[in-house]
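Colleague: Residue numbers (our numbering): 4 to 78. From the three backbone atoms N, C-alpha and C, an ideal C-beta is built for every residue, glycine too.
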């Protein structure tokens, strides 16, 4: 009789619970928060009390319905 030895199961890093390092998670969360704050500024603040683009209403018109949906005053 011959015995068959199975190779040890390979554990993939993506399948394990340690796929992302703490530094990578912090980096991803930081970038996400910064992008969210930038979007919040363009939807809620720009063209309101201050404006990046001067006296144009370009950003305001692009996100007009979003401003109403989120409760920001537009008029």
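With a 10 Å radius around its C-beta and 16 neighbouring C-beta atoms as the bar for buried, classify residue 34 as buried or exposed.
Modeller: Residue numbering aside, residue 34 sits at position 31 when the chain shown is read from its first letter. Exposed: under 16 other Cβ atoms inside 10 Å.
Colleague: Evaluate residue 27 with the Cβ neighbour count: other Cβ atoms within 10 Å of its Cβ, from every protein chain shown; 16 or more gives buried, anything less gives exposed.
Modeller: By 1-based counting over the chain shown, the position of residue 27 is 24. A residue is called buried once 16 or more other Cβ atoms fall within 10 Å of its Cβ, and residue 27, having fewer, is exposed.
Colleague: Mind checking residue 46: buried by the 16 CB within 10 Å criterion, or exposed?
Modeller: By 1-based counting over the chain shown, the position of residue 46 is 43. With a threshold of 16 other beta carbon atoms within 10 Å, residue 46 meets it and is buried.
Colleague: So, at 8 Å on beta carbons, what are the nonlocal neighbours of residue 73 in its own chain, with the 5 sequence-adjacent residues on each side left out?
Modeller: Sequence index remark: in the chain shown, residue 73 carries index 70 (1-based). Here the set comprises 46 and 47.
Colleague: Rounded to whole angstroms, what is the Cα-Cα separation between residue 68 and residue 44?
Modeller: What you label residue 68 is simply residue 65 of the chain shown in a count that begins at 1. What you label residue 44 is simply residue 41 of the chain shown in a count that begins at 1. Between the C-alpha atoms of residue 68 and residue 44 there is a straight-line separation of about 15 Å.
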